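Under the UniProt record's numbering, think of the first position of the sequence shown as 1, with each following residue one higher. Every residue gets a Cβ at the ideal spot worked out from N, C-alpha and C, and that includes glycine. From a predicted model like this one, the values you see are computed outputs, not experimental measurements.
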Amino acid sequence: MGKSGFVILSIAVVAASAVYKTDDLLDLLDRRNVIRTSDGVVRLGKVNAERVKVDFKIQSTKSNEVLLQSSTFMGGAFAEAEKELSKQVAAVNKDGGIKGEDGKKESLDTRTATYKDDVKITKRTYIVYSSETMPFFELTLDNSEEVVSAGTKSIYSMISELQEYDQKAAVLAEKAPSFLGRAKGYSL
């Protein structure tokens, strides 16, 4: 074996040991993917996926019936809730509308429709992690509730607040643990 063969063999040995050590280092880092919560430490191991989600729900305070809800990736909460409201209003209008105070049926408008009872609005932002040790783990970033008195706010104005809430959720998501790297769009 000549000098060039020896040099090539030496480079191959160094490269192989570097690859071997890189695998060891990656394994060590994967074991260190931990999240500290108020309940303790969660060891995720190798993280395969992480998704930032927003849940939105309006429910009657009298019956606890869910009147409108959406669950989507961050940035799409308003559009999803608006689509659901439009479907509900279209269904009511297809049946002739809703009875007014005079007993006649009136068509609903998505921009002005209100609820006849008090409602509770719940908004929740969280990250769903999928990893080798935890196939499904949710880390809640924000959870808020608000009671709205009957007839004081249109349903559309309630869901319009999701546009501002998405911005707040984006700030929270930026500060949250990300093991895969979070792009400016926030959806992974």
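My guess is that ILE127 and ALA176 are in contact by the Cβ rule of under 8 Å, so how many angstroms apart are they, rounded? The Cβ separation is near 6 Å, so the contact holds.
How about LYS53 and PHE78: do their beta carbons lie closer than 8 Å? Taking 8 Å as the cut-off, the Cβ atoms of LYS53 and PHE78 do not count as close.
Quick check on VAL119: does DSSP put it in helix, strand or coil? Looking at VAL119 - three-state DSSP - the assignment turns out to be strand.
For a test of the three-state rule: what should DSSP assign to PHE78, helix, strand or coil? Looking at PHE78 - three-state DSSP - the assignment turns out to be helix.
The alpha helix (DSSP H) enclosing SER160, as first and last residue numbers: 155-175 is the extent of the alpha helix (DSSP H) around SER160.
Expected contact under 8 Å - CB spacing of residue 193 and ASN48 to nearest Å: Absent from the model: residue 193. The displayed extent of the chain is 1 to 188, so no value can be given.
Quick check: what's the CA-CA separation for LEU172 versus ILE159? Taking the Cα positions, LEU172 is about 20 Å away from ILE159.
Are the beta-carbon atoms of ALA150 and TYR115 separated by less than 8 Å? Going by C-beta atoms, ALA150 is nearer than 8 Å to TYR115.
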